[in-house]
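J.:
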Amino acid sequence: MKKALSILLCLCLVCGLLAGCGQTPAETPEETPADAAPEDAAPEDAAPVEDESGSENPVVRIGVFEPQTGDNGAGGKQEILGMQYANYIQPTVEIGGVEYDVQLEIVDNRTTAENGPSAAAELMNRDVSVVLGSYGSGVSIAGGAVFEEAGVPAIGVTCTNPLVTSDCEVYFRICFLDPFQGTVLANYAYKELGVTKAYTLAMLGSDYDQGLAFYFKEAFEALGGEVLAEDFPEGSANFVSYVNNAKAAGAGVIFAPVSTNYAQLIIEAAAAQGFEGCLLGSDTWDNNMVVESAKGKDVTVEITTFYQEGGNPEFDEGIKAWINANPDALTNNGGNDMVSAVTVMGYDAYFVALEALKAAGSTDPAAVLEALPGVSYTGISGLIQFDEIGDAMRDQAYIKAANTETGSWELVTVQGVE
Amino acid sequence: MQAMLPYIINGISAGGQYALIAIGYTLVYGILRLINFAHGDVFMVAGLVMVYATTSLPLYLSIPLVLLSTVVLGFAIERAAYKPLRSAPRMSLMISAIGVSYLIQNLAFYLTGGLPKPVTNPIPWISDMVTVLGASTKRVTVVTPVLTLVLVLVLVYLIKNTKIGMGMRAAAKDFETARLMGVKIDSVISFTFVTGSFLAAVGSILYFTNYPSVSITSGALPGLRAFVAAVFGGIGSIPGAVVGAFIIGLCEEIIKGLGYSTFSDAFTFALLIVVLCVKPTGLFGEKITDKV
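Heads up: the protein sequence lines correspond to chains E and C, in order.
Just so we're aligned, residue 3 is where the first sequence starts under this note's numbering, counting upward by one.
Just so we're aligned, residue 167 is where the second sequence starts under this note's numbering, counting upward by one.
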């Protein structure tokens with residue numbers, strides 16, 4: 003009796019496992035736009051006429067390689083929102099004279115480099131023509147090897163570490179790079195804030211954190227400043243002592259290019275310890291949860307990012323209406339309709355991919371790869387063109403400050419490097 | 167000295183939080199000779215419940231709810247995963263504990279969508295700012311060590327002076343004989359888990375008020391450090407766990423203060439190895455006597 007029961011239990015588990023494997027999780031991106039916005043939400047010029055999943059058109063698949071869980075999950079979800087919105091605005095593409103339906107294939111790379119390759123391989127199995135992503139450089143570097151082997155082009159959205167594209171033939175990217183971002187921040191801290199001593203805090207083992215902290219240090223020291231650099235292990239929650247170290251060193255800024263989760267904890271610790279200088283953040287800090295945690299606290303938070311809400315009012319209005327009409331999107335955006343820069347970048351990346359598909363005239367990844375370097379597209383975040391390494395030529399970053407009274411970002415300046 | 171003060175205050179506070187978790191490990195080990203790997207995850211669940219409860223309920227309901235649900239969870243884990251294995255080899259029990267740990271983590275993963283949850287409505291009074299001897303900090307940092315010591319004294323009193331406490335001591339001395347002498351072993355064990363979970367819940371409230379973000383792995387690192395503290399002080403001994411936790415908390419913060427922040431964790435575990443080599447039973451551990 004007991005034996006039979008246990009065998010039955012095992013069978014149930016095995017069946018459950020097989021059922022899980024067979025399911026195609028591809029429906030999610032489809033249904034989001036379909037049941038999304040009410041009529042008035044769509045911008046007049048781009049309202050999709052037919053969004054029937056049973057349409058006759060052939061399908062072209064665009065892979066979305068983004069973290070939805072883990073430390074970068076919140077940012078990844080916002081980036082996906084941009085792509086889903088773009089897909090809702092422009093659900094079809096004409097490739098070689100044939101109208102194709104665009105289908106987003108979303109996989110979760112779970113933030114960490116260990117999970118990157120398997121998530122990337124999963125995308126390759128789904129026959130995608132081009133890949134978008136990821137938020138986070140470490141996981142992009144890890145996934146890049148798989149894309150390269152399969153010969154599928156990838157368009158990095160907000161992975162800013164130089165190694166993403168320099169070591170990988172098939173990786174392109176539409177955002178600025180860390181040497182640029184680090185220099186902008188160092189210049190800003192030294193010249194605008196008048197700080198001569200800075201403290202950097204990065205997570206051990208994170209390519210993004212370590213890279214950006216290094217470039218900041220290099221640029222800041224070249225200007226004549228002094229930098230104290232420290233690291234914290236993954237999973238830390240107690241940043242009080244790090245803030246105390248910065249205070250003890252007499253640092254005027256704490257530069258912490260870390261995930262949103264740690265950014266919140268660092269803001270908390272800085273407020274608790276009464277740190278009087280400025281907290282400098284990188285593009286990862288451009289998140290409504292971060293600004294939310296600075297709300298009502300006695301801290302100064304300034305960050306660099308790709309876009310400032312209000313840069314294109316028409317786009318802002320459209321995406322806000324779409325987010326508000328869709329409860330899932332609202333949750334994924336952190337509970338309000340603030341437009342994050344990564345969402346805008348995700349939106350632009352989708353259209354860059356469509357341009358590449360059009361130019362290639364084929365859904366074959368090899369043809370898309372060949373066409374990508376020639377693509378030039380003016381998106382919401384500005385002109386996107388690639389250099390010979392595959393990086394976008396960008397020379398400006400937005401600097402924003404957190405308004406701790408209203409809990410929102412305010413544009414400080416648009417800065418380049420001379 | 168003035169420069170080191172914030173680190174020392176912070177270290178004592180961290181020590182208090184570890185102590186509350188470490189007692190859970192040490193109590194269960196004392197009686198069942200089981201390392202309850204799920205304890206860190208119980209701690210994490212308490213944090214999650216706090217996040218959800220404080221956003222939707224008034225304070226006088228949310229705190230009791232956190233304590234109660236954690237206690238129920240601890241009790242349920244013991245009944246469902248450990249009790250059926252009472253007569254099985256100890257290794258099976260340990261594997262079951264690891265299984266429970268992963269089960270809880272993954273359930274939490276599905277509930278939270280895998281994203282870290284910020285504590286948006288911190289508990290008012292203890293999250294206010296105070297200035298201690300010129301160092302600014304949250305009030306919870308000062309409250310933690312005091313509350314920890316009070317709870318430990320109450321616990322020691324319970325164990326020394328009540329019937330169930332006597333049962334616990336008897337079971338810790340000799341499980342089989344205690345059973346033969348008519349100690350209701352199941353209720354003693356349940357009580358042990360209830361106490362451990364209760365203290366973990368209190369620790370969780372303090373910890374996540376101080377560091378207000380709960381992710382599904384939030385319990386892992388504090389759990390591991392508390393476990394080290396319990397072993398360091400001599401596993402099975404309550405004063406040992408408390409002293410061990412304070413030493414580990416202090417060392418960690420002071421090392422960060424000295425500028426070796428990268429090595430703060432490495433030091434903790436190196437310390438453990440050294441202590442185990444020199445004094446295998448820990449600081450306050452009982453001598454191992456072979457029971458024939």
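By construction, the Cβ of each residue, glycine as well, lies at the ideal position given by its N, Cα and C atoms.
Keep in mind that this is a model prediction, so the values were computed, not measured.
With a threshold of 16 other CB atoms inside 10 Å of the CB of E171 (chain E), please say whether the residue is buried or exposed.
T.: In the first sequence, counting from the first residue as 1, residue 171 (chain E) sits at position 169. Exposed, because fewer than 16 other Cβ atoms sit within 10 Å of the Cβ of E171 (chain E).
J.: I'd like to check one pair, A407 (chain C) with I189 (chain C): are the Cβ atoms closer than 9 Å?
T.: The residue given as residue 189 (chain C) occupies position 23 in the second sequence. The residue given as residue 407 (chain C) occupies position 241 in the second sequence. Yes.
J.: Using the C-alpha atoms, what's the distance from M257 (chain C) back to I197 (chain C)?
T.: Position 31 of the second sequence, counted from the first residue, corresponds to residue 197 (chain C). Position 91 of the second sequence, counted from the first residue, corresponds to residue 257 (chain C). Looking at the two C-alpha atoms, the distance is approximately 16 Å.
J.: Using DSSP bridges, identify the partner residues of K283 (chain C).
T.: Taking the second sequence and counting its residues from 1, one reaches residue 283 (chain C) at position 117. Partner(s): C:V380.
J.: In three-state terms, what does DSSP make of L326 (chain C)?
T.: As a working note, residue 326 (chain C) is residue 160 in the second sequence. First, the residue type needs correcting, since residue 326 (chain C) is Lys and not Leu in the sequence shown. Helix, per DSSP.
J.: How would you list, in chain order, the residues of chain E whose beta-carbon sits under 7 Å from the beta-carbon of M295 (chain C)?
T.: To locate residue 295 (chain C), count along the second sequence from 1; it is residue 129. What M295 (chain C) touches in chain E: A274.
J.: Which residues in chain E sit within 7 Å of E419 (chain C), going by Cβ to Cβ distance?
T.: As a working mapping, residue 419 (chain C) is identified with position 253 in the second sequence. The answer, in chain order, is S243.
J.: Helix, strand or coil for V318 (chain C)? Go by DSSP, reduced to three states.
T.: For the purposes of this step, residue 318 (chain C) is identified with residue 152 of the second sequence, where counting begins at 1. In this structure, V318 (chain C) counts as helix in the three-state DSSP scheme.
J.: Terminal residues of the continuous alpha helix (DSSP H) containing D73 (chain E)?
T.: Counting from 1 along the first sequence, the entry for residue 73 (chain E) is found at position 71. Looking at the DSSP string, D73 (chain E) is not in any alpha helix (DSSP H), and its letter there is neither H nor E.
J.: Does the beta-carbon of Y377 (chain C) have 16 or more other beta-carbons within 10 angstroms, so that it is buried, or is it exposed?
T.: What you label residue 377 (chain C) is simply residue 211 of the second sequence in a count that begins at 1. It counts as buried.
J.: Using a Cβ-Cβ cut-off of 9 Å, state whether K422 (chain C) counts as contacting chain E.
T.: Translated into the one-based positions of the second sequence, residue 422 (chain C) becomes position 256. Yes, K422 (chain C) lies at the interface with chain E (some Cβ there is under 9 Å from its Cβ).
J.: For F359 (chain C) and T343 (chain C), what's the separation of their Cα atoms in angstroms?
T.: On the second sequence, position 193 is the one that residue 359 (chain C) refers to. On the second sequence, position 177 is the one that residue 343 (chain C) refers to. Those two C-alpha atoms are separated by around 21 Å.
J.: I want to verify the contact list: residues of chain E whose CB lies under 9 Å from the CB of A219 (chain C), in sequence order.
T.: Within the second sequence, residue 219 (chain C) is the residue found at index 53, counting from 1. Ordered by position in chain E, no residue passes the 9 Å Cβ test against A219 (chain C), which lies about 18 Å from the chain.
J.: Quick check on T408 (chain E): buried or exposed, where buried means 16 or more other Cβ atoms within 10 Å of its Cβ?
T.: In the first sequence, the residue the question calls residue 408 (chain E) occupies position 406. When all chains shown are included, T408 (chain E) counts as exposed.
J.: Please classify R396 (chain E): is it buried, with 16 or more other beta-carbons within 10 angstroms of its beta-carbon, or exposed?
T.: As a first step, residue 396 (chain E) must be located in the first sequence, where it is residue number 394. So R396 (chain E) ends up on the buried side.
J.: Can you give me the C-alpha to C-alpha distance between T185 (chain E) and G276 (chain E), rounded to a whole angstrom?
T.: In the first sequence, residue 185 (chain E) corresponds to position 183, counting from 1. In the first sequence, residue 276 (chain E) corresponds to position 274, counting from 1. Cα to Cα, the separation comes out at about 27 Å.
J.: Taking only the alpha-carbon atoms, compute the straight-line gap between A49 (chain E) and V285 (chain C) and give it to the nearest angstrom.
T.: In the first sequence, the residue the question calls residue 49 (chain E) occupies position 47. In the second sequence, the residue the question calls residue 285 (chain C) occupies position 119. Here A49 (chain E) scores only 40 on pLDDT, less than 50, and its place in the model is too uncertain to base an answer on.
J.: What does S381 (chain C) reach in chain E if we use C-beta pairs closer than 7 Å?
T.: For this step, residue 381 (chain C) is matched to residue 215 along the second sequence. Ordered by position in chain E, the residues that pass the 7 Å Cβ test against S381 (chain C) are N263.
J.: Runs of 4 residues minimum, wholly inside the region 119–166 of chain E: which ones carry the alpha helix (DSSP H) assignment?
T.: As far as the region 119–166 of chain E is concerned, its whole alpha helix (DSSP H) runs of at least 4 residues are 139–152.
J.: Classify C443 (chain C) as buried or exposed, calling it buried when 16 or more other Cβ atoms lie within 10 Å of its own Cβ.
T.: Working through the second sequence from its first residue, we reach residue 443 (chain C) at position 277. Result: exposed.
J.: Does the Cβ-Cβ distance between S459 (chain C) and L239 (chain C) come in under 9 Å?
T.: This structure gives no information on residue 459 (chain C), because the portion of chain C shown stretches from 167 to 458.
J.: In the structure shown, what three-state DSSP assignment does K79 (chain E) receive?
T.: Working through the first sequence from its first residue, we reach residue 79 (chain E) at position 77. Helix at K79 (chain E).
J.: DSSP three-state call for G300 (chain C): helix, strand or coil?
T.: Here the question's residue 300 (chain C) lines up with position 134 in the second sequence. Coil at G300 (chain C), not helix or strand.
J.: Assign N334 (chain E) to one of three DSSP states: helix, strand, or coil.
T.: By one-based count along the first sequence, residue 334 (chain E) stands at place 332. Three-state result, N334 (chain E): helix.
J.: Consider the Cβ of A250 (chain E): report whether some Cβ of chain C lies at a distance smaller than 9 Å.
T.: Mapped onto the first sequence, residue 250 (chain E) falls at position 248. Yes, because at least one Cβ of chain C sits closer than 9 Å to the Cβ of A250 (chain E).
J.: Relative to the alpha-carbon of G84 (chain E), which residue among E:D103, E:G146, E:V159 has its alpha-carbon at the smallest distance?
T.: Counting from one through the first sequence, the residue named residue 84 (chain E) turns up at place 82. Looking at the Cα atoms, E:V159 is the closest of the given residues.
J.: Just the Cα atoms here: how many angstroms apart are A338 (chain C) and N405 (chain E)?
T.: Residue numbering aside, residue 338 (chain C) sits at position 172 when the second sequence is read from its first letter. Residue numbering aside, residue 405 (chain E) sits at position 403 when the first sequence is read from its first letter. About 57 Å.
J.: Taking the beta carbon of A399 (chain E) as the centre, do at least 16 other beta carbons fall within 10 Å, making it buried, or is it exposed?
T.: What you label residue 399 (chain E) is simply residue 397 of the first sequence in a count that begins at 1. Burial call: buried.
J.: Can you check DSSP and say which residues form a bridge with N405 (chain E)?
T.: In the first sequence, residue 405 (chain E) corresponds to position 403, counting from 1. N405 (chain E) pairs with E:S410.
J.: Which residue marks the beginning of the beta strand (DSSP E) containing R175 (chain E), and which one marks its end?
T.: Numbered from 1 along the first sequence, position 173 holds the residue referred to as residue 175 (chain E). Here the beta strand (DSSP E) through R175 (chain E) covers 173–175.
J.: I need the DSSP call for T262 (chain E), collapsed to helix, strand or coil.
T.: Locating residue 262 (chain E) in the first sequence gives position 260, counting from the first residue. Helix.
J.: Should R252 (chain C) go down as buried or exposed, given a rule of 16 or more other Cβ atoms within 10 Å for buried?
T.: What you label residue 252 (chain C) is simply residue 86 of the second sequence in a count that begins at 1. It is exposed - the Cβ of R252 (chain C) has fewer than 16 other Cβ atoms within 10 Å.
J.: Buried or exposed: V298 (chain C), going by 16 or more other Cβ atoms within 10 Å of its Cβ?
T.: Along the second sequence, one-based indexing puts residue 298 (chain C) at 132. With fewer than 16 other Cβ atoms within 10 Å, it is exposed.
J.: Is the shortest distance between the beta-carbon of K249 (chain C) and the beta-carbons of chain E less than 9 Å?
T.: Position 83 of the second sequence, counted from the first residue, corresponds to residue 249 (chain C). No - not a single Cβ of chain E is within 9 Å of the one on K249 (chain C).
J.: Taking its Cβ as the centre, do 16 or more other Cβ atoms sit within 10 Å of I414 (chain C), making it buried, or is it exposed?
T.: Translated into positions along the second sequence, residue 414 (chain C) becomes position 248. Counting Cβ neighbours within 10 Å, I414 (chain C) comes out buried, since at least 16 surround it.
J.: Going along chain C, which residues have a C-beta under 9 Å from G237 (chain E)?
T.: Translated into positions along the first sequence, residue 237 (chain E) becomes position 235. The answer, in chain order, is S381, T383, S384, A386, L387.
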